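Student:
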Ligand SMILES: *Cc1c(COP(=O)(O)O)cnc(C)c1O
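Residue numbers (the working numbering): 3 to 380.
1) Can you name the start and end residues of the beta strand (DSSP E) that residue 119 belongs to?
2) By the DSSP assignment, the beta strand (DSSP E) with residue 212 in it spans what residues?
3) If you count every other CB in all the chains shown that lies within 10 Å of the CB of residue 54, and 16 or more means buried, which is it?
4) Assign residue 40 to buried or exposed, taking buried as 16 or more other Cβ atoms, counted over all protein chains shown, within 10 Å of its Cβ.
5) Taking all protein chains shown into account, do 16 or more other C-beta atoms lie within 10 angstroms of the C-beta of residue 148, making it buried, or fewer, making it exposed?
6) Note down, one range per segment and in chain order, each alpha helix (DSSP H) of at least 4 residues found wholly within the segment 186-266.
7) Among all residues, which have a Cβ less than 5 Å from at least one non-hydrogen atom of ligand 1, and in what chain order do they fall?
8) Suppose the cutoff is 7 Å on Cβ atoms and the five residues either side in sequence are ignored; what does the same chain contact list for residue 179 look like?
9) What's the C-alpha gap between residue 86 and residue 36?
10) Pick helix, strand or coil for residue 345, following the three-state DSSP scheme.
11) Report the rounded CA-to-CA distance for residue 4 versus residue 274, giving the unit in angstroms.
12) From the DSSP output, read off the bridge partner residues of residue 356.
13) For residue 291, report the span of its alpha helix (DSSP H) as first-last.
14) Less than 7 Å between the CB of residue 169 and some heavy atom of ligand 2, yes or no?
15) Would DSSP call residue 36 helix, strand or coil?
16) Using three-state DSSP, classify residue 268 as helix, strand or coil.
17) Quick check: what's the CA-CA separation for residue 158 versus residue 14?
18) Apart from the five residues just before and just after residue 353, which ones in its own chain have a Cβ nearer than 7 Å to its Cβ?
19) Return the residue from the list 277, 346, 115, 262 that minimises the CA-CA distance to residue 382.
20) Give a yes or no on whether the minimum CB-CB distance between residue 279 and chain E is below 8 Å.
21) Measure from the alpha carbon of residue 187 to the alpha carbon of each residue in 163, 271, 303, then state which is nearest.
22) Alpha carbon to alpha carbon, how far is residue 64 from residue 80?
23) Excluding sequence positions up to five away, which residues of its chain have a Cβ less than 7 Å from the Cβ of residue 21?
24) Leaving out five residues before and five after residue 291 in sequence, what residues of the same chain have Cβ atoms less than 6 Å from its Cβ?
25) Excluding sequence positions up to five away, which residues of its chain have a Cβ less than 6 Å from the Cβ of residue 342?
26) So residue 323 is in the alpha helix (DSSP H); what residue range does that whole segment cover?
27) For a quick check, are the C-beta atoms of residue 195 and residue 160 less than 8 Å apart?
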């Protein structure tokens, strides 16, 4: 496997070191607070290319949007400020359409629709990005409740993709009900690649708008994202954000580097040999498992979340009367060692979780060796 983030070359100036900012091996995964993912060299090249040239932002968004739409088989597409920015712009689009007065008025909803329907198990902290437009979230559980909840104030129906297994109303029924009542749908698929086919799947399924993070599994610029879907709604979403000044999305600026970088990240992602990548992740898991399997009471297991972050994660458990450190204490020692290693925040009193997909070449060996040393030293 080539180095995805590119080789960690010797640097002229070690900026983070100068600042006293800790860098670490990412054995966590794509966590925003841990800076999520590294851009591949091709994306960084595009970033540097764009940084040296002026363009009109709307023209670049037009062309990049068309290209991304054709790559993933969507009617239309735009680059947003992350999936969260996509949720705000998408919601605004459903409220205002292309009406200039309505766009300027948000989040004041006087005279506009004001409700978004969501299944109870699909509520998530990120829906603050939807509520920012002024709407109220109306929670339902069953299809009957949903149909009763629809009224002239209903602006949109929201679907949290990874919650599909826990909600009573599944994809097909949700989309059918929305179409029956003429309400646009938005699916939050932020962390839902791999598989790459998901970039096409949910628009094909019939969601009107679909949001992805650009800087998680896609490895685009960390603060970029994608909004895919219906042309009229994407046009309205664009009118609700930067470069237009008097808009709710003005603070959700995406620069030319991010817009171009996002396109190149999508191109690259669709060309990636995902089978080879998966095999590499399994090799990393084995490297770590092999380093600790002989230690007393160690149990290891690989798990793959069904939808979001659907990649191999390693779960390690032990009897804390035999290895006298709790998993959070092990995580702390990993963090405080040299080099620092961040394990998955899913680590709790019962298990240590390691995410291997954001490791760079050679990192798995370092993690394996350190983990063994920490557990043996307990
Ligand atoms: C990460 C995430 C977001 C936010 O994505 P950004 O690209 O960081 O804005 C939204 N929804 C879900 C479910 C996420 O996992």
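Each residue gets a CB set at the ideal place from its N, CA and C atoms; glycine is no exception.
These numbers were taken from a predicted model, which means no experiment stands behind them.
Tutor: Here's the rundown:
1) That run of the beta strand (DSSP E) goes 117-121.
2) Counting along the chain, residue 212 sits inside the beta strand (DSSP E) bounded by residues 211-215.
3) Classification of residue 54: exposed, given that the 10 Å Cβ count is below 16.
4) By the 16-neighbour rule on beta-carbons within 10 angstroms, residue 40 is buried.
5) Label assigned to residue 148: buried.
6) Segments of the alpha helix (DSSP H) lying fully in the segment 186-266: 200-207, 233-241.
7) Result (chain order): 34, 84, 85, 86, 128, 190, 192, 193, 215, 227.
8) Hits under 7 Å: 145, 148, 149.
9) Answer to the nearest angstrom: the Cα atoms are 17 Å apart.
10) DSSP places residue 345 in strand when its eight states are reduced to three.
11) Reliability of the predicted coordinates at residue 4 is poor, the pLDDT of 48 falling under 50, and the value obtained from them is presented with this limitation in mind. C-alpha separation (whole angstroms): 11 Å.
12) Answer by DSSP bridge pairing, in chain order: 316.
13) Residue 291: member of the alpha helix (DSSP H) spanning 276-294, first to last residue.
14) Among the ligands modelled here, namely ligand 1, ligand 2 does not occur.
15) The DSSP-derived three-state label of residue 36 is helix.
16) DSSP, read as helix, strand or coil, puts residue 268 in helix.
17) Distance between the alpha carbons of residue 158 and residue 14 is about 51 Å.
18) Only residues of its own chain outside the window of five on either side were considered, and among them 317, 318, 319, 329 have a CB closer than 7 Å to the CB of residue 353, listed in chain order.
19) The structure shown does not extend to residue 382, since the chain is modelled only from 3 to 380, so the question has no answer here.
20) Here chain E cannot be found, since the structure has a single protein chain.
21) If we check each option's Cα against that of residue 187, 163 comes out closest.
22) Taking the straight line from one Cα to the other gives about 8 Å.
23) Within the same chain, residue 21 has no close Cβ partners at all.
24) 302.
25) For residue 342, where only same-chain residues beyond five positions count, the Cβ hits under 6 Å are 24, 26.
26) Per DSSP, residue 323 belongs to no alpha helix (DSSP H) and is neither H nor E.
27) Remark: C-beta atoms of residue 195 and residue 160 do not approach each other more closely than 8 Å.
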